[in-house]
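These notes concern the structure reproduced below.
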Amino acid sequence: MAAVISPATSLRFNPCSTLRFITGLPRKLSHHILFPPISRRHSSYYFRRSFCSAVPAGEAAEKTKPDVSKDWKVTRGEKVGEFRKKLRISEIKGGRDEGLDRLGQTFVVKGWVRTLRVQSSVTFMEVNDGSCISNMQCVIDSTTEGYDQVESGLITTGASVWVEGVVVASQGSKQKVELKLQKVVMVGKSDPSYPVQKKKVSREFLRTKAHLRPRTNTFGAVARVRNVLAYATHKFFQENGFVWVSSPIITASDCEGAGEQFCVTTLIPSSGEPASSDVGSIPKTKEGFIDWSQDFFGKPAFLTVSGQLNAETYATALSDVYTFGPTFRAENSNTSRHLAEFWMIEPELAFADLDDDMSCATAYLQYVVRHVLENCKEDLDFFNTWIEKGIIDRLTNLVENDFVQLPYTDAIELLLRANKKFEYPVKWGSDLQSEHERYITEVAFGGCPVIIRDYPRDIKAFYMRQNDDGKTVAAMDMLVPKERCKSLEINIEFCQRIQAIVTDHPCIKDLTVFSNPEEETMIFTGQFHQPMTQLLGKGF
Numbered sequence: 001m002a003a004v005i006s007p008a009t010s011l012r013f014n015p016c017s018t019l020r021f022i023t024g025l026p027r028k029l030s031h032h033i034l035f036p037p038i039s040r041r042h043s044s045y046y047f048r049r050s051f052c053s054a055v056p057a058g059e060a061a062e063k064t065k066p067d068v069s070k071d072w073k074v075t076r077g078e079k080v081g082e083f084r085k086k087l088r089i090s091e092i093k094g095g096r097d098e099g100l101d102r103l104g105q106t107f108v109v110k111g112w113v114r115t116l117r118v119q120s121s122v123t124f125m126e127v128n129d130g131s132c133i134s135n136m137q138c139v140i141d142s143t144t145e146g147y148d149q150v151e152s153g154l155i156t157t158g159a160s161v162w163v164e165g166v167v168v169a170s171q172g173s174k175q176k177v178e179l180k181l182q183k184v185v186m187v188g189k190s191d192p193s194y195p196v197q198k199k200k201v202s203r204e205f206l207r208t209k210a211h212l213r214p215r216t217n218t219f220g221a222v223a224r225v226r227n228v229l230a231y232a233t234h235k236f237f238q239e240n241g242f243v244w245v246s247s248p249i250i251t252a253s254d255c256e257g258a259g260e261q262f263c264v265t266t267l268i269p270s271s272g273e274p275a276s277s278d279v280g281s282i283p284k285t286k287e288g289f290i291d292w293s294q295d296f297f298g299k300p301a302f303l304t305v306s307g308q309l310n311a312e313t314y315a316t317a318l319s320d321v322y323t324f325g326p327t328f329r330a331e332n333s334n335t336s337r338h339l340a341e342f343w344m345i346e347p348e349l350a351f352a353d354l355d356d357d358m359s360c361a362t363a364y365l366q367y368v369v370r371h372v373l374e375n376c377k378e379d380l381d382f383f384n385t386w387i388e389k390g391i392i393d394r395l396t397n398l399v400e401n402d403f404v405q406l407p408y409t410d411a412i413e414l415l416l417r418a419n420k421k422f423e424y425p426v427k428w429g430s431d432l433q434s435e436h437e438r439y440i441t442e443v444a445f446g447g448c449p450v451i452i453r454d455y456p457r458d459i460k461a462f463y464m465r466q467n468d469d470g471k472t473v474a475a476m477d478m479l480v481p482k483e484r485c486k487s488l489e490i491n492i493e494f495c496q497r498i499q500a501i502v503t504d505h506p507c508i509k510d511l512t513v514f515s516n517p518e519e520e521t522m523i524f525t526g527q528f529h530q531p532m533t534q535l536l537g538k539g540f
């Protein structure tokens, strides 16, 4: 019987409707809470659960029609069944025995074919479902239902399959168990030109096939590690009493022409419009400037570079909060340290000092790294073998050792005494360069993480709390071997440019009026600094 593939299913999660349902708030108020005033239109979050299932062609039309019962008024239809997660390869092969404890058990696996090895009497097919790097080796012979699809070459590398079989001990040395298949069903066919074959392909080539990259070991491992890091991030802050704040992605906050923000506008014609609709058609004011009142939001709008100000306003009410979401920087710097888009974590602590700052940053970093070491062992083994030797040892060292606290002044003295010639001169008052940081972490302290604290006032952002000596401020940078965590202070120049406009920000003015500018309430964004409200209250 012929079969058709049922379409993917999309599930829409509308946060505004959910908030109204839980709280009883009116529509406009719930939308205003979730989204800033600039968001004029209704917004929704989406998540997608795609699946394929074989449906007999004759029944396909019937499957699409709702089964309306005659007693619908009484029963109100059928209840939705309980969601059941699929059994994953990582569960079958996980554990100390790597699947040997499941010998003789029958399992169903759904995934994609990685390799096929056809021999005279048997075929070995490796299937991966994305739950781990390890493939499930499947043994197919003439007794397997659906064997003709393999023998005829219909099932090839890249095809999606549904298989059922019994776990048996493997005769090979690469795995301890394999599936002796009873049944194999091809769910989706793969074109012979499928580019992600068993042979190694370069990352440059994969960039041209971005939709297929997740099927490779490298990008699959990265996705799983990122997933664990994101989960551990929320878990750490939630366990420590923080409230997650959703900061807006589109914002009206400008940086006085800093040139570091991506502009969001509908004034520029789309690429599909005629050439006559060019940049010259952008509306302008009498003075010759762009008339932003004609734009979508009626004012200039940008992709966010930081959720700090938004989080600070919530910290003055909820105490400890954090943002965790995408950030965008229009810095045209082609280096490994600059990204146009990245995810940033910005905690804000009320009633805290620099010691609390350092303790929180240290605890968070060790927490998420430990979580990855415990839950991504196979992926880390892959990175350690194919990407960077020694990465597991370095991460283990970070978790098992205490962080060294080193005042900036002591760090300068240490570098001046070093029997090493640096490319950049070492002097008090200058920022530490990469070569200085590497020497401190890798040579002076033997690979231990180091926190540099109490920086000179002139090289840090304007809002840093000044120390009693009048020369330094309560700021800190966390140095980890091979990496530099500026402890969430990603771009000092951006913060300095805020100084020019922060006094005109209506939210800051309101917080100044409704807060006590003299109280010792400290907000944390990787440095111990005075809240903007305190600075304004003191005539800054």
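For the sequence shown, full-length UniProt numbering begins at 1 and goes up steadily by one.
Glycine is no exception: its CB is placed at the ideal position from the N, C-alpha and C atoms.
Quiz item: Straight-line CA distance for I412 to V426?
Solution: 7 Å
Quiz item: Between which two residues does the beta strand (DSSP E) carrying V163 extend?
Solution: S160 to A169
Practice problem: Look at the Cβ atom of A315, then the Cβ atom of A350, and state whether they are nearer than 7 Å. | Solution: yes
Exercise. Give the single residue among V109, K110 and E91 whose Cα lies nearest to the Cα of D101.
Key: E91
Quiz prompt | Buried versus exposed call for E151 [16 or more other C-beta atoms within 10 Å across all chains shown] | solution = exposed
Exercise. Classify residue 623 as buried or exposed, calling it buried when 16 or more other Cβ atoms lie within 10 Å of its own Cβ.
Key: A query on residue 623 cannot be resolved here, the shown segment of the chain reaching from 1 to 540 and no further.
Exercise. From the DSSP output, read off the bridge partner residues of F324.
Key: I345
Quiz item: Hey, how far is the Cα of L181 from the Cα of Y231?
Solution: 35 Å
Quiz prompt | Bounding residues of the beta strand (DSSP E) (the contiguous stretch that carries T218) | solution = T218 -> not in any beta strand (DSSP E); alpha helix (DSSP H) instead, spanning N217 to E239.
Exercise. Let me know the secondary structure DSSP gives K176 once reduced to three states.
Key: coil
Exercise. Return the first residue and the last residue of the alpha helix (DSSP H) that R114 is part of.
Key: Premise fails: R114 lies in the beta strand (DSSP E), T106 to V118, not in any alpha helix (DSSP H).
Quiz item: Between the stretch 262-269 and the stretch 214-222, are three or more C-beta pairs nearer than 8 Å?
Solution: no
Self-check item: Integer Cβ distance of N384 from I391, believed to fall under 8 Å
Solution: 5 Å
Quiz item: So does the stretch 107-126 actually touch the stretch 137-148, counting three or more Cβ pairs closer than 8 Å?
Solution: yes
Quiz item: With 16 as the cutoff for other CB atoms within 10 Å, does K93 come out buried or exposed?
Solution: buried
Quiz item: How would you call F342, buried or exposed, if buried means at least 16 neighbouring beta carbons within 10 angstroms?
Solution: exposed
Quiz item: What first and last residue would you give for the beta strand (DSSP E) that runs through L406?
Solution: V404 to P407
Quiz prompt | Assigned secondary structure, Y80 (DSSP; H/G/I helix, E/B strand, else coil) | solution = Note that residue 80 is Val in the sequence shown, not Tyr. Here V80 sits in coil by DSSP.
Self-check item: Extent of the continuous beta strand (DSSP E) to which M478 belongs
Solution: T472 to V480
Exercise. Would you list the one or two residues that DSSP bridges to F289?
Key: DSSP lists no partner for F289.
Quiz prompt | Rounded Cβ spacing between A311 and F328 (contact assumed at less than 8 Å) | solution = So it is not a contact: roughly 17 Å between Cβ atoms.
Quiz item: Considering only residues of the same chain and omitting the five flanking positions on each side of G99, which have a CB-CB separation below 7 Å?
Solution: I92, K93, V167, K176 and V177
Quiz item: Excluding five sequence neighbours on each side, which residues of the same chain lie with their C-beta closer than 7 Å to the C-beta of A444?
Solution: L414
Quiz item: From R203, S160 and V196, pick the residue whose C-alpha is nearest to that of G188; which is it?
Solution: S160
Quiz prompt | Residues bridged to N128 (per DSSP) | solution = W112
Exercise. Go through the stretch 376-454 residue by residue and report every complete run of the alpha helix (DSSP H) that reaches 4 residues or more, in order.
Key: 377-382, 391-400, 408-417 and 434-438
Quiz item: Within the chosen definition, does the stretch 352-371 reach the stretch 190-204 through at least 3 CB pairs nearer than 8 Å?
Solution: no
Quiz item: With 16 other CB atoms within 10 Å as the buried threshold, where does T323 fall?
Solution: buried
Self-check item: Through-space distance from Q366 to L229, alpha-carbon basis
Solution: 11 Å
Self-check item: Cutoff 6 Å; reference D431; Cβ partners in own chain excluding five residues on either side
Solution: I459
Quiz item: Measuring CB to CB, does D477 end up less than 7 Å from I452?
Solution: yes
Quiz item: Can T115 and K235 be called in contact, C-beta distance under 7 Å?
Solution: no
Practice problem: Return the CA-CA distance between D410 and L395, expressed in angstroms with no decimal places. | Solution: 26 Å
Practice problem: Could you please give me the residues that DSSP links to V201 through a beta bridge? | Solution: DSSP output for V201 lists no bridge partner at all.
Quiz item: Distance, Cα to Cα, P269 vs T304?
Solution: 23 Å
Quiz prompt | I459 in three-state terms, based on DSSP | solution = helix
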